[in-house]
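**Q** Following full-length UniProt numbering, the numbering of the sequence shown begins with 1 at its first residue and continues without gaps.
Every residue, glycine too, gets a C-beta built ideally from N, C-alpha and C.
None of these values were measured; they are calculated from a predicted model.
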Amino acid sequence: MIRTVESSAPATAPVLAAYSYCETVTGQQARNFAYGIRLLPTPKRRAMSALYALSRRVDDIGDGTLADDVKVARLEDTRTLLARVREGHVEEDDTDPVAVALADAARRFPIPLGGLDELIDGVQMDVRGETYETWDDLKAYCRCVAGAIGRLSLGVFGTAPGAPGAERAPEYADTLGLALQLTNILRDVREDAEGGRTYLPSDDLAKFGCAAGFGGGPTPPDGSDFAGLVHYEVRRARALFAEGYRLLPLLDRRSGACVAAMAGIYRRLLDRIERDPYAVLRGRVSLPGREKAYVAVRGLSGLDTRHVVRRTVRRRP
1 MIRTVESSAP
11 ATAPVLAAYS
21 YCETVTGQQA
31 RNFAYGIRLL
41 PTPKRRAMSA
51 LYALSRRVDD
61 IGDGTLADDV
71 KVARLEDTRT
81 LLARVREGHV
91 EEDDTDPVAV
101 ALADAARRFP
111 IPLGGLDELI
121 DGVQMDVRGE
131 TYETWDDLKA
141 YCRCVAGAIG
151 RLSLGVFGTA
161 PGAPGAERAP
171 EYADTLGLAL
181 QLTNILRDVR
191 EDAEGGRTYL
201 PSDDLAKFGC
211 AAGFGGGPTP
221 PDGSDFAGLV
231 HYEVRRARAL
241 FAEGYRLLPL
251 LDRRSGACVA
261 AMAGIYRRLL
271 DRIERDPYAV
281 LRGRVSLPGR
291 EKAYVAVRGL
301 SGLDTRHVVR
311 RTVRRRP
């Protein structure tokens, strides 16, 4: 069982300022994520914002325009910062607000900070321009950049006291992260291809005649079955969601609502992509703010959580 061990000591003014900075970053840069964590109690919301802010810094290094050797050096600097956090060497007057907030969060919750090292490993794979031949290859990458985030988040959420099967919570959190990342990959197919990146497994691309790529416009390669490729990956993502949703009954009500809201937004994105596979070649598929708010309200009310739990229980062997 994973239980949070939140410190009862109030945060000091410098720490509160650091958290405020992280929450601003989260609100501006991660609207889907921000909708979900609004449902958490304040200490958990702050901790999740600190995790996001550090994760965003790592992603921005990988996605930026710096030379690859500079990116590698910046990523290693971030790894050194993580070591300082882990060893308790970040003081409240540190000039890096993300480091201050993350250090406080790590004191309050049993966050497995090694997951952030895994994230750095995944972004280094991006910097090297790695491609993926099989789903197993891509899954290893997704575990670094998304599954690890699920496990880090679980350190903040904890599991509900007495929840049966709580020992499997990290596994389910990891799998739900994979579901979210595969949805991201489908949504960003054109944007990634135009940036010279291809994440979908080459075996899958070849199976549907898409090995020539699809970054040049809304028309996929001649003779390809792009819709078939998308539907194939959607089915894979749905299977991951079904397994990952087994996490929900293991969480307390508000943590479960947070996860249900974030995952629910991505499930709705997946629904849109399934209905119109070619939409991802025309631009980024997204949900309007009112629909995200609706999903968040359903999560807080427990409607989505109860529905998913009932469906998950029925599917268990």
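What span of residues does the alpha helix (DSSP H) with Thr-24 cover, start to end?
**A** Unbroken alpha helix (DSSP H) run through Thr-24: 13–29.
**Q** Using only alpha-carbon positions, find the residue among Asp-276, Ile-265 and Ile-273 that is nearest to Arg-290.
**A** Of the listed residues, the one whose Cα sits closest to Arg-290 is Ile-265.
**Q** Consult DSSP for Ser-49 and reduce its assignment to one of helix, strand or coil.
**A** Of the three classes helix, strand and coil, the one that applies to Ser-49 here is helix, per DSSP.
**Q** Please confirm whether residue 326 and Met-262 have their CB atoms less than 8 Å apart.
**A** Within the shown structure, residues of the chain are numbered from 1 to 317, placing residue 326 beyond reach of any answer.
**Q** Where Asp-96 and Ala-239 are concerned, what is the direct C-alpha to C-alpha distance, given to the nearest angstrom?
**A** Going from the Cα of Asp-96 to the Cα of Ala-239 covers about 40 Å.
**Q** Just to check my reading of the structure: Val-85 and Gly-122 have Cβ atoms closer than 8 Å, yes? What is that Cβ distance to the nearest angstrom?
**A** Going by Cβ atoms, the distance from Val-85 to Gly-122 rounds to 19 Å, so no, they are not a contact pair.
**Q** Looking at Pro-170 and Arg-151, is the spacing between their C-beta atoms short of 8 Å?
**A** Yes, the pair counts as a contact, with Cβ atoms nearer than the cut-off.
**Q** Taking DSSP as the reference, what is the three-state secondary structure of Ser-224?
**A** Coil at Ser-224, not helix or strand.
**Q** Can you give me the start and stop residues for the alpha helix (DSSP H) that Glu-87 sits inside?
**A** Where Glu-87 is concerned, there is no enclosing alpha helix (DSSP H), given that its DSSP letter is neither H nor E.
**Q** Would the segment 52–70 and the segment 17–25 be scored as touching if the rule is three or more Cβ pairs under 8 Å?
**A** Flag = yes, the segment 52–70 and the segment 17–25 touch.
**Q** Look at Leu-119 and Ala-140 and say whether their C-beta atoms are less than 8 Å apart.
**A** No, the pair does not count as a contact, with Cβ atoms beyond the cut-off.
**Q** Quick check on this structure: which residue in Gly-283, Cys-258, Arg-267 and Pro-277 has the alpha carbon closest to the alpha carbon of Lys-44?
**A** Nearest option by C-alpha distance: Cys-258.
**Q** Less than 8 Å separating the beta-carbons of Glu-233 and Leu-182?
**A** Yes. Within cutoff.
**Q** State yes or no: is the C-beta of Thr-138 within less than 8 Å of the C-beta of Leu-82?
**A** Reading off the sequence shown, one finds Leu at residue 138, where the question assumed Thr. Their beta carbons are not under 8 Å apart, which means Leu-138 does not touch Leu-82 by this criterion.
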